[in-house]
Amino acid sequence: MRPHRAWLTLFVVLLLLPAGAAQGDPRDDKERVDAAVATAASILEGATTRAQEAAKSLAAANAQLPTARERAAVARGEVAAAEVVANTARREAEAAEKALADARGRYEESARKVDAARERVGTFAESAYKGSDLVGFNLLVNARTPIDVAERYGYFERVMRTEKEALDGFTSARRVAKQAENDAGLAQRRAEAARLAAEGALAEARAAKAAADAAVAEVTALADQREEALAVAEEERDASLARYQEAKAEAERIERELREWEDRQKVTRPSGKAPAVRPGARLLMPVQGWKSSDFGMRYDPYYRVWQLHAGVDLAAGGGQPIHAAADGRVIRAGWNGGYGNYTCISHGRYQGRGLSTCYAHQSRILVWPGQQVRRGQVIGRVGTTGASTGYHLHFEVRLSGTPVQPLKWLPGCLC
Numbered sequence: 019m020r021p022h023r024a025w026l027t028l029f030v031v032l033l034l035l036p037a038g039a040a041q042g043d044p045r046d047d048k049e050r051v052d053a054a055v056a057t058a059a060s061i062l063e064g065a066t067t068r069a070q071e072a073a074k075s076l077a078a079a080n081a082q083l084p085t086a087r088e089r090a091a092v093a094r095g096e097v098a099a100a101e102v103v104a105n106t107a108r109r110e111a112e113a114a115e116k117a118l119a120d121a122r123g124r125y126e127e128s129a130r131k132v133d134a135a136r137e138r139v140g141t142f143a144e145s146a147y148k149g150s151d152l153v154g155f156n157l158l159v160n161a162r163t164p165i166d167v168a169e170r171y172g173y174f175e176r177v178m179r180t181e182k183e184a185l186d187g188f189t190s191a192r193r194v195a196k197q198a199e200n201d202a203g204l205a206q207r208r209a210e211a212a213r214l215a216a217e218g219a220l221a222e223a224r225a226a227k228a229a230a231d232a233a234v235a236e237v238t239a240l241a242d243q244r245e246e247a248l249a250v251a252e253e254e255r256d257a258s259l260a261r262y263q264e265a266k267a268e269a270e271r272i273e274r275e276l277r278e279w280e281d282r283q284k285v286t287r288p289s290g291k292a293p294a295v296r297p298g299a300r301l302l303m304p305v306q307g308w309k310s311s312d313f314g315m316r317y318d319p320y321y322r323v324w325q326l327h328a329g330v331d332l333a334a335g336g337g338q339p340i341h342a343a344a345d346g347r348v349i350r351a352g353w354n355g356g357y358g359n360y361t362c363i364s365h366g367r368y369q370g371r372g373l374s375t376c377y378a379h380q381s382r383i384l385v386w387p388g389q390q391v392r393r394g395q396v397i398g399r400v401g402t403t404g405a406s407t408g409y410h411l412h413f414e415v416r417l418s419g420t421p422v423q424p425l426k427w428l429p430g431c432l433c
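Under the working numbering, think of the first position of the sequence shown as 19, with each following residue one higher.
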């Protein structure tokens, strides 16, 4: 049931109740108002549960926000660093490629010069060898003086020496160019390795960028979750609490009327009937289990108010039998909002006040209103219906409708 429909039902019930003392049995009014109070309590408990979930969501968001932001910042830094590495590696690879091309060009030019010089020297030497006698004869015939002959031989030797020196120079230049080409090749291979590393770094940068985007999206989602949690908590806080207090006040009014009605019934009720529970007697333990939550006022840190936990919670396995705590008559058995499957048994009067026990969150109810039950009789099974987070029995003891500490009525220690 949606909260606004539940409140509509609650107000209809309250409006149908008489404003003053009831002319008939006020227990009928009390049952109706108890149902309204249970509905209000269920809505408040549901609102509290939702608020607690919202608060947990808020706490989780706040706890995860720094990590998500740090992840985003780290990822952005990794992207920037990888881009620098990639750009540097590209520039180095391009420079090495250009240096290799230049070195190859210089080597090829040196090789061409060496080949040309070698060819010239070879041709000149071959001609000199094949026509050595003719050359000498021509030198002697054409020479006019011995000095002229010497000069002509000197010229021939200088030409040969010059060509040889040129050849040696070109050969040396080619060796230098070859070494430069080798160095450039090594630099090019290193640059290629750097380029491949840069490509890997770039791939990692892209992955880091994707992680950064995911982290930013996570931060955004967490922020939205936080805002939603705050909105849910603020939306349900005041309205549910105020209406619960209204229903509780109405229940207290009916309890007062019930006490007045019981006082009036003393004169008409037979006095010889023995009470179901004698003074000082103990009730039967309704289920085999251990105490998981005590009776009493609780401070809600979210709503910052004190609220009554009207019974004691006895943890037990699902489906375990629930026993009547004493002889009595079933006055209520059925669904009751946050109590889930809820049974109340009247045990008559105890020291002038009506005594009843109530059993909540049952998985099954095995009795019906008006049925007489005996102490120890199985009346239901342990469950987790209604506003419950686990298998347990919520057990209440009421005097004239007012909840009291159940542990004082039960045998043994449940601490």
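A virtual CB, placed ideally from N, CA and C, is assigned to each residue, including glycine.
- Restricting attention to beta strand (DSSP E) runs no shorter than 3 residues, the region 303-364 encloses them at 308-311, 314-318, 323-327, 330-333, 339-341, 346-353, ordered along the chain.
- For residue 422, the secondary structure class from DSSP, reduced to helix, strand or coil, is strand.
- The residue from 97, 76, 430 with its alpha-carbon nearest to that of residue 249 is 76.
- For residue 416, the enclosing beta strand (DSSP E) has its first and last residue at 410-417.
- In this structure, DSSP gives residue 380 an extended state, which the three-state scheme calls strand.
- Between the beta-carbon of residue 361 and that of residue 350 there is about 7 Å, and that keeps the pair under the 8 Å contact cut.
- When the beta-carbon positions are compared, residue 230 and residue 97 come within less than 8 Å of each other.
- Cβ-Cβ separation between residue 327 and residue 395: approximately 27 Å, too far for a contact (criterion under 8 Å).
- The shortest CA-to-CA distance from residue 399 to any of 176, 377, 406, 429 is the one to 377.
- Leaving aside the five residues that flank residue 416 on each side, the residues in its chain whose CB is nearer than 6 Å to its CB run, in chain order, 374.
- Of all alpha-carbon atoms in 410, 427, 335, the one lying nearest the alpha-carbon of residue 344 is that of 427.
- Beta-carbon to beta-carbon, residue 206 and residue 115 are separated by about 6 Å, close enough to satisfy the 8 Å threshold.
- With three or more CB-CB distances shorter than 8 Å, the region 185-195 counts as touching the region 127-138.
- Between residue 82 and residue 240, the C-beta spacing is below 8 Å.
- In the pairwise beta carbon analysis, the region 386-394 is classified as not touching the region 403-414: fewer than three pairs are separated by under 8 Å.
- One Cα belongs to residue 333, the other to residue 309, and the distance between them is close to 6 Å.
- Around the beta carbon of residue 418, 16 or more other beta carbons sit within 10 angstroms, so the residue counts as buried.
- About 15 Å separates the CB atoms of residue 226 and residue 86; that is not less than 8 Å, and the two are not in contact.
- Taken atom to atom, the span from the alpha-carbon of residue 220 to that of residue 311 is near 59 Å.
- CA-to-CA, the gap between residue 111 and residue 119 works out to about 12 Å.
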